[in-house]
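For the sequence shown, the positions run 1383 to 1594 when the working numbering is used. Each residue gets a CB set at the ideal place from its N, CA and C atoms; glycine is no exception. Have a look at the structure below before the remarks.
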Amino acid sequence: MEQLSENLLENRAAISAAAWDERLAFWISQIGSPPLTTTACIALGVLSLPASRSTWYWMGVYLVLVVLMPLLYLVWLLKKGLITDIHLKVREQRTRPLLVTVAAAFMAWGILHFGAAPRLLVALAAAMCLQTVIFLAITLRWKISFHSASAAGMAVMAWLVIGSLSIWFVMSVPIIAWARVRLQRHTVGQTFAGATLGGAILLSVLYMYLLI
């Protein structure tokens, strides 16, 4: 807990001393973090389904496994001093969290698939499985942007669900990418690769599940 508190205090001090655009980039990164954009993606998908208690139940199962479990693991790693920050700015520190996310994604897919969850949620779990495996392989050599990938997935889902109103979600992708570059967490190429792969993987899996 002491290590976690020190990290939070250091971050707060750094933010206060930063230029205005760097502070803006920091808060964009927080709001556009993968746990939040993934949750938004799932929520958009669920809104396209017939309203039922069962649908919301399966959404909850998915979020607990794919979002909450990896997030809690990150907090634990931060508390133990095994990672420098929750956004994993050091590439070498990303392997273990990604392995946990891969395991959680496959667990979610299995539970949703065999539990007869809505087909869309099963497809989203499958997309998460594929994306985390690919990103894990890439991360062993290169630091691809998770923020951009997640934002692109959210934008794709918004486009499929709400059409032209998705412009606000689509615009968030370059904005989040800019924030990651401004904070020097990624290069332009890393954010572009993340967004391209994130969107392409989701579209491909939805196509394979005959949902588009």
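Of the residues the options, the one placed nearest residue i, counting alpha carbons only
| i | options | result |
| --- | --- | --- |
| P1417 | H1495, Y1444, P1556, L1431 | Y1444 |
| S1436 | A1400, W1402, A1499 | A1499 |
| V1449 | L1547, T1578, T1421, I1583 | T1421 |
| G1497 | P1452, Y1439, D1467, I1468 | Y1439 |
Residue i vs residue j beta-carbon contact at 8 angstroms
| i | j | result |
| --- | --- | --- |
| L1512 | G1427 | no |
| V1538 | G1581 | yes |
| L1518 | L1480 | yes |
| T1419 | M1510 | no |
| S1430 | V1543 | yes |
| T1598 | T1477 | Since the first residue of the chain shown is 1383 and the last is 1594, residue 1598 is not available in this structure. |
| A1505 | L1593 | yes |
| V1482 | Y1455 | yes |
| V1552 | W1541 | yes |
| A1486 | L1447 | yes |
| R1567 | H1469 | yes |
| I1424 | M1451 | no |
Helix, strand or coil at residue i according to DSSP, with G and I counted as helix
| i | result |
| --- | --- |
| K1525 | coil |
| S1436 | helix |
| L1470 | coil |
| G1581 | helix |
| M1590 | helix |
| L1390 | Note that L1390 scores a pLDDT of 46, beneath 50, so its modelled location is shaky and nothing firm can be said. |
| Q1412 | helix |
| T1514 | helix |
| G1497 | coil |
| T1569 | coil |
| A1509 | helix |
| A1400 | coil |
Span of the alpha helix (DSSP H) around residue i
| i | result |
| --- | --- |
| K1462 | Here K1462 belongs to no alpha helix (DSSP H), and DSSP marks it neither H nor E. |
| R1476 | It is not in any alpha helix (DSSP H) - R1476 carries neither H nor E in the DSSP assignment. |
| G1427 | 1416–1429 |
| L1556 | Per the sequence presented here, residue 1556 reads as Pro, with Leu not at that position. Where P1556 is concerned, the enclosing alpha helix (DSSP H) stretches over 1549–1564. |
The region 1525–1536 contacting the region 1489–1502, beta-carbon criterion three pairs below 8 angstroms: No, because fewer than three Cβ pairs between the region 1525–1536 and the region 1489–1502 fall closer than 8 angstroms, the two stretches do not touch.
Contact the region 1506–1526 vs the region 1455–1463: 3+ CB pairs below 8 angstroms: no
Three or more C-beta pairs below 8 angstroms linking the region 1546–1564 and the region 1398–1414: yes
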